[in-house]
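For the sequence shown, our numbering gives the first residue as 10, with consecutive numbering after it.
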Amino acid sequence: MKIFLFALAAWAFYSSGSDAGILDATEDLEGMVVLYAGDVEELNCPPYGKYDCLSWPSMLLKFSYKEICFTSDIGACSMTCSGFVAAATNQIPYFFTAEMIGGGIQKYSVNYMKCPDLD
Numbered sequence: 010m011k012i013f014l015f016a017l018a019a020w021a022f023y024s025s026g027s028d029a030g031i032l033d034a035t036e037d038l039e040g041m042v043v044l045y046a047g048d049v050e051e052l053n054c055p056p057y058g059k060y061d062c063l064s065w066p067s068m069l070l071k072f073s074y075k076e077i078c079f080t081s082d083i084g085a086c087s088m089t090c091s092g093f094v095a096a097a098t099n100q101i102p103y104f105f106t107a108e109m110i111g112g113g114i115q116k117y118s119v120n121y122m123k124c125p126d127l128d
């Protein structure tokens, strides 16, 4: 995990140059604390299951190997991605993910939710 954060920080520093994307949120990270980090997957409503798919939240994301679920803005992650949730002193959390091609670190809103039991 420490290697991931170091690599992400180094990449963010590199990306903050002239080739960084116009929507790069690298500078927004200043003063924030990382709360959760790692691989993230989108959870889709299981068909014919115990959940009402009409009320299933859109863009429901879950950290792999952790029971941390949240909803986020559309486009925050396509099926799987890596990222982290960070918050500043105002304690408002944001999900950050790095665009691998031609972009920088992107920031998305977070709304924590209880993880559904998909078993």
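We treat Cβ as the ideally placed atom computed from N, Cα and C, and that holds for glycine.
Measure the alpha-carbon distance for Ser-81 versus Ser-64 and round it to whole angstroms.
Taking the first residue of the sequence shown as 1, we reach residue 81 at position 72. Taking the first residue of the sequence shown as 1, we reach residue 64 at position 55. Going from the Cα of Ser-81 to the Cα of Ser-64 covers about 16 Å.
Option in Ala-85, Lys-71, Thr-98, Pro-125 with minimal Cα separation from Tyr-45
Walking along the sequence shown from the start, residue 45 turns up at place 36. Per the Cα distances, Lys-71.
Can you list, in chain order, the residues of its chain with a C-beta nearer than 7 Å to that of Asp-61? Leave out the 5 residues immediately preceding and following it.
If you number the sequence shown from 1, residue 61 lands on position 52. Cβ within range, chain order: n/a, list empty.
With distances taken from CA atoms, which of Glu-50, Gly-40, Ala-107 is nearest Lys-75?
As a working mapping, residue 75 is identified with position 66 in the sequence shown. Relative to Lys-75, the option among Glu-50, Gly-40, Ala-107 whose CA is nearest is Glu-50.
By the DSSP assignment, the beta strand (DSSP E) with Asn-53 in it spans what residues?
Taking the sequence shown and counting its residues from 1, the one referred to as residue 53 is at position 44. No beta strand (DSSP E) contains Asn-53, which DSSP labels as neither H nor E.
Per DSSP, Cys-86 is paired with what?
On the sequence shown, residue 86 is found 77 positions in, with the first residue counted as 1. Per DSSP, none; premise fails for Cys-86.
Taking buried to mean at least 16 other C-beta atoms within 10 Å of its own C-beta, is Leu-69 buried or exposed?
Mapped onto the sequence shown, residue 69 falls at position 60. By the 10 Å Cβ count, Leu-69 comes out buried.
Residues that DSSP places opposite Ile-101 in a beta bridge:
Your numbering for residue 101 matches position 92 in the sequence shown. Paired residue(s): none; Ile-101 is not in a bridge.
Alpha carbon to alpha carbon, what distance is there between Met-122 and Gly-84?
Taking the first residue of the sequence shown as position 1, residue 84 is located at position 75. Taking the first residue of the sequence shown as position 1, residue 122 is located at position 113. So the two alpha carbons sit approximately 18 Å from each other.
C-alpha gap between Pro-102 and Leu-38, whole angstroms:
Sequence index remark: in the sequence shown, residue 102 carries index 93 (1-based). Sequence index remark: in the sequence shown, residue 38 carries index 29 (1-based). Using only the alpha carbons, I get a separation of about 11 Å.
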